[in-house]
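What the sequence shown shows, in the working numbering, is residues 14 to 230, in sequence order.
Think of the CB as a built atom: it goes at the ideal place given N, C-alpha and C, for glycine as much as any other residue.
Computed from a prediction, not measured in an experiment: that's the story for all the values here.
Taking it in order: structure first as structure tokens, then the write-up.
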Amino acid sequence: MNRIKSLIHKEFLLDWKEKNSLASILIYVTSTVFVCYLSFQTIIETTTFNALLWIIILFTSVNTITKSFVQESENRLLYMYSLANPQEIIVGKLIYNSILLLLISLVTFSAYALFLGNPIVNLPGFLGALVLGSLGLSILLTLMAAIASKSSNNPALMAILSFPIIIPFLITIIALSLNYSQGVNDTQNLKYFFAIGGIMAIGITMAYLLFPYLWRD
């Protein structure tokens with residue numbers, strides 16, 4: 014556990030040291046939301062609000078997590094592997110990326126609601142769906158980033174690998190958040206919770222089991 018905490022702390026220090034990457038993500042979010050504001054300039058209906066929000070979060074997530082392994086040099090990776098086992102490394106990456114993406118998603122939603130208004134009927138439920146979606150995206154994209162890091166064409170490979178698994182997850186989380194934005198009660202959303210939980214569990218299990226084999230390469 015101490016080594017996992019140290020790895021998370023290392024990730025934080027790296028991002029804090031290289032502020033340009035975080036600043037570029039915030040600029041991307043702000044500029045995208047502002048373009049949406051210039052296009053609509055009013056409170057939009059919940060379906061459009063929901064779809065645009067998740068499109069912004071998706072592309073921000075890909076840009077954020079792609080660098081998770083790409084920024085690691087071979088010498089730094091060798092040093093990390095001498096300090097911790099591969100399971101601890103991937104768990105540290107998953108936890109840090111989940112926290113980072115959750116914060117970015119909350120900032121994105123806040124800016125989005127500030128510029129375009131907030132048409133959400135069930136805000137606590139919608140925020141819960143936002144948290145679940147952020148965690149799920151971070152888990153799936155971290156796994157894909159780990160696989161893509163073994164290729165010389167990381168961004169393209171990550172996009173290709175992510176598409177088949179991200180689309181079903183995104184469809185499910187959009188349906189869940191749309192229901193909450195329209196005030197649908199919890200009992201009608203149980204099937205989405207089970208589907209999202211299952212996808213997240215599969216992603217965590219695959220990352221935990223497959224990463225040691227990637228690490229050996």
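- Assigned with DSSP and collapsed to three states, K106 falls in helix.
- I212 carries a helical assignment under DSSP once its states are collapsed to helix, strand and coil.
- With a beta-carbon spacing of about 13 Å, I184 and L153 fall beyond the 8 Å limit used to define contacts.
- Your pair N135 and G196 checks out as a contact, with CB atoms roughly 5 Å apart and the cut at 8 Å.
- Per DSSP, reduced to three states, the secondary structure at E58 is coil, with no helix or strand assignment.
- Taken through DSSP and simplified to helix, strand or coil, I133 comes out as coil.
- DSSP, reduced to helix, strand and coil, places Q195 outside both helices and strands of the structure shown, so it counts as coil.
- Nearest in C-alpha terms to F139, of all of F207, L26, K30, N198, is N198.
- Assigned with DSSP and collapsed to three states, A169 falls in helix.
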